[in-house]
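In the numbering used here, the protein residues as written are 234 to 425.
Quick notes on the structure that follows.
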Ligand SMILES: [Mg+2]
């Protein structure tokens with residue numbers, strides 16, 4: 234059976250809008266979703282990486298973080314894809330919010346994923362393997378990402394590395410990556 238690895242934030246659930254709401258409350262700013270034209274929030278906010286990391290970590294403690302909503306089209310797509318493939322989540326969320334992650338995935342995508350892997354990342358699981366290493370270990374044929382860097386790094390080890398179009402990857406066309414506009418485009422890949 235085909236195996237698809239799927240990133241969590243920006244693919245399955247919308248992290249950015251609630252996080253911007255939190256940041257705007259904290260900083261008195263007015264950042265909008267469309268302003269996030271770079272994957273690195275420090276470039277969007279004009280802040281030091283350490284300040285952004287602190288904002289992200291403190292956001293994890295808020296009720297807003299516990300109320301993230303699914304990305305548009307994600308639930309419908311996952312329902313279709315699970316009929317064609319084994320689905321696993323590969324996220325670079327840090328350890329410490331595993332339970333919140335499982336709860337959120339189970340609420341919106343009940344029973345859809347056979348496992349959840351916490352990969353190494355900037356604020357991620359520092360002990361964890363990289364996303365491409367996880368793809369290789371699990372024998373994943375496909376990866377779904379919103380981060381251009383992760384999509385590119387996974388591309389050599391999967392058959393197709395999908396990058397969902399978002400404002401922060403609009404200007405990017407990483408090598409070897411299949412850029413798609415919507416979740417439906419990914420579903421079509423498996424049903425054509
Ligand atoms: Mg993501």
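Glycine residues also receive a C-beta, built at the ideal position from the N, C-alpha and C atoms.
Residues surrounding ligand 1 [beta-carbon distance to nearest heavy atom under 6 angstroms]: 240, 242, 243, 244, 379, 380
Between the C-alpha atoms of residue 242 and residue 324, what's the straight-line distance to the nearest angstrom? For the purposes of this step, residue 242 is taken as residue 9 along the chain shown, with counting starting at 1. For the purposes of this step, residue 324 is taken as residue 91 along the chain shown, with counting starting at 1. Rounded to whole angstroms, residue 242 to residue 324 spans 8 angstroms at the Cα level.
Presumed contact (8 angstroms Cβ cut-off) between residue 244 and residue 378, rounded CB distance: Taking the chain shown and counting its residues from 1, the one referred to as residue 244 is at position 11. Taking the chain shown and counting its residues from 1, the one referred to as residue 378 is at position 145. Indeed they touch by this definition, with Cβ atoms about 7 angstroms apart.
Within the continuous beta strand (DSSP E) that includes residue 404, where are the two ends? Taking the chain shown and counting its residues from 1, one reaches residue 404 at position 171. It is not in any beta strand (DSSP E) - residue 404 carries neither H nor E in the DSSP assignment.
Which of helix, strand or coil does DSSP assign to residue 269? Start at 1 with the first residue of the chain shown, and residue 269 comes out as number 36. Residue state, collapsed to three classes: coil.
For residue 276, does the three-state DSSP call read helix, strand or coil? In the chain shown, the residue the question calls residue 276 occupies position 43. Here residue 276 sits in helix by DSSP.
Is the distance from the Cβ of residue 356 to the Cβ of residue 286 below 8 angstroms? Taking the first residue of the chain shown as position 1, residue 356 is located at position 123. Taking the first residue of the chain shown as position 1, residue 286 is located at position 53. The answer is yes: Cβ separation under 8 angstroms.
From the DSSP output, in three-state form, read off residue 392 for me. Your numbering for residue 392 matches position 159 in the chain shown. Three-state result, residue 392: coil.
Taking the continuous beta strand (DSSP E) assigned at residue 367, which residues delimit it? Position 134 of the chain shown, counting from 1, holds the residue named residue 367. Element bounds for residue 367: not the beta strand (DSSP E) but the alpha helix (DSSP H), 364-371.
Residue 295 to residue 333, Cα distance in whole Å? If you number the chain shown from 1, residue 295 lands on position 62. If you number the chain shown from 1, residue 333 lands on position 100. Rounded to the nearest angstrom, the two C-alpha atoms are 11 angstroms apart.
Apart from the five residues on each side of it in sequence, which residues of its chain come closer than 7 angstroms, Cβ to Cβ, to residue 268? Here residue 268 refers to the residue found at position 35 of the chain shown. Answer for residue 268: 277, listed in chain order.
With burial defined as no fewer than 16 other Cβ atoms inside 10 Å of the residue's Cβ, what is the status of residue 238: buried or exposed? Within the chain shown, numbered from 1, the residue matching residue 238 stands at position 5. Flag for residue 238 reads buried.
For a quick check, are the C-beta atoms of residue 342 and residue 308 less than 8 angstroms apart? Translated into the one-based positions of the chain shown, residue 342 becomes position 109. Translated into the one-based positions of the chain shown, residue 308 becomes position 75. Cβ atoms of residue 342 and residue 308: closer than 8 angstroms.
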